[in-house]
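Enquirer: Under the UniProt record's numbering, the first residue of the sequence shown carries the number 1, and numbering increases by one thereafter. Ideal Cβ positions, reconstructed from N, Cα and C, are used throughout, including at glycine. Handing you a structure now.
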Amino acid sequence: MNTTKGKKREDFSMAIAPNDGHKLSKEEKDLIKEDAKVRHAKRSPECLVRNEMLSVLYRVEEYLQQENLKAEEIYTIEYFVGEFCKVLGLNKSQFANYLDTDISNLNKYLKGQRAFNIELAMKFSRFFHTPVDVWLKVQLKNDLIALHEAEKGHKYDKYDYKKVLKMA
């Protein structure tokens, strides 16, 4: 492939090459990087924010698909809210104001001192333009992980219908 510095190839495609062992040359890789930079520079600020928001949403969805997580591997709703707010340049106080609540009330939900509810999930969903069930699924997943950790300590062993049958 003959290219000169600063000259773009018109016939070059951004399509992902087939996985048949084809290796891209350094020049081809550089062309891809340069084209990506040019395309990125042409995007509007709104488009860039939307893409970053989608990136966070994809991380949430990836987290939801992970199985067999341990308690120390969980990501809380607070973490994901923080990631979304970081993209928007908001602190928790500003975010709480946009949700028509105060920071202390919001923190109680985010820290788990109050049960996360559907109304709050709806507010998060509307604000961040995400599906409402994503927020509920994160909470449910984390609750189930905590429950499985508690089960390891045999906390719930006493709740067994077989014990009732033995007493009868």
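Does the separation of the CB atoms of F84 and F116 fall below 8 angstroms?
Expert: Here residue 84 refers to the residue found at position 84 when the sequence shown is read from its first residue. Here residue 116 refers to the residue found at position 116 when the sequence shown is read from its first residue. No, Cβ-Cβ distance for F84 and F116 is not below 8 angstroms.
Enquirer: Of all the alpha helix (DSSP H) runs that stay within the bounds of the segment 72-115, which reach a length of 4 or more residues?
Expert: Runs found: 77-88, 92-98 and 103-110.
Enquirer: Taking just the CA atoms, how far does L54 sit from I74?
Expert: On the sequence shown, position 74 is the one that residue 74 refers to. On the sequence shown, position 54 is the one that residue 54 refers to. Approximately 20 angstroms, taken between the alpha carbons.
Enquirer: From the DSSP output, in three-state form, read off P131 for me.
Expert: As a first step, residue 131 is located in the sequence shown; it is residue number 131 there, counting from the start. Correct three-state label for P131: coil.
Enquirer: Is it buried or exposed, Q139, if we count other Cβ atoms within 10 angstroms and call 16 or more buried?
Expert: Looking up residue 139 in the sequence shown gives position 139. Classification of Q139: buried, given that the 10 Å Cβ count is 16 or more.
Enquirer: Go ahead and pull the three-state DSSP assignment for E67.
Expert: For the purposes of this step, residue 67 is identified with residue 67 of the sequence shown, where counting begins at 1. In the structure shown, E67 sits in coil (DSSP, three-state: anything other than H, G, I, E or B).
Enquirer: With a cut-off of 8 angstroms, do at least 3 Cβ pairs link the segment 57-73 to the segment 141-159?
Expert: With the cut-off at 8 angstroms, the segment 57-73 and the segment 141-159 touch.
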